[in-house]
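Converting from the sequence shown to the working numbering requires adding 333 to each position, the first position being numbered 1. Note that CB positions come from ideal geometry on N, CA and C, so glycine has one too.
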Amino acid sequence: MIAEKALTSIENAISSRIEVAKMESYTEKIVPVEMETSGIRSEVRLLAEQMKLGFEKMHEQMNLRFEKIHEEMDLRFQKMDQKMDFIRESLEKRIDATEKLILATKENLELQIRTDRETNQQRFLALENHLKFHEKLLYTIIGLMVTLSISVVVKILLI
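Structural data, given as structure tokens:
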């Protein structure tokens with residue numbers, strides 16, 4: 334039993350030395366690694382937070398840029414719409430003016446044609462009247478000539 338006690342006490346001593354060695358080894362080797370790992374974890378967390386903030390800031394800046402670009406594009410589209418409206422109105426005014434000019438020209442031409450037709454009809458009537466007058470005058474002269482000729486022939490025959 335003494336041997337057993339001695340053996341147990343040796344086992345206990347070895348066990349306690351192993352435990353002490355484990356503790357020393359743990360504190361010498363594992364604790365610094367755990368502390369370093371903890372530091373790395375906190376650095377990773379810090380870097381992750383910084384990255385998150387950086388991405389959020391970058392996202393905000395991109396949103397601001399997109400909003401600015403969107404506003405600029407809206408402004409350009411508004412200016413283009415205004416310019417197109419101005420051009421459209423200008424073209425409509427030109428078309429209206431051209432249509433009015435064409436209508437006025439058509440009316441003037443129709444009036445001129447009517448006037449020319451009336452003038453030509455009046456000239457034709459005047460010419461017809463003039464020809465009738467000359468025809469009457471000619472028949473009168475021919476009648477006088479025939480009468481004179483007959484009277485001359487009668488005088489010659491009577492003499």
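Asked, Found
"DSSP three-state call for I435: helix, strand or coil?", "helix"
"Please report the straight-line C-alpha distance between E443 and F457, rounded to a whole angstrom.", "21 angstroms"
"From I483 to I489, what does the alpha carbon distance come to, in whole angstroms?", "10 angstroms"
"How is the alpha helix (DSSP H) around T341 delimited, first residue to last?", "I335 to S358"
"Taking just the CA atoms, how far does H467 sit from E461?", "10 angstroms"
"So, at 6 angstroms on beta carbons, what are the nonlocal neighbours of Q411 in its own chain, with the 5 sequence-adjacent residues on each side left out?", "none"
"In the structure shown, what three-state DSSP assignment does I492 receive?", "coil"
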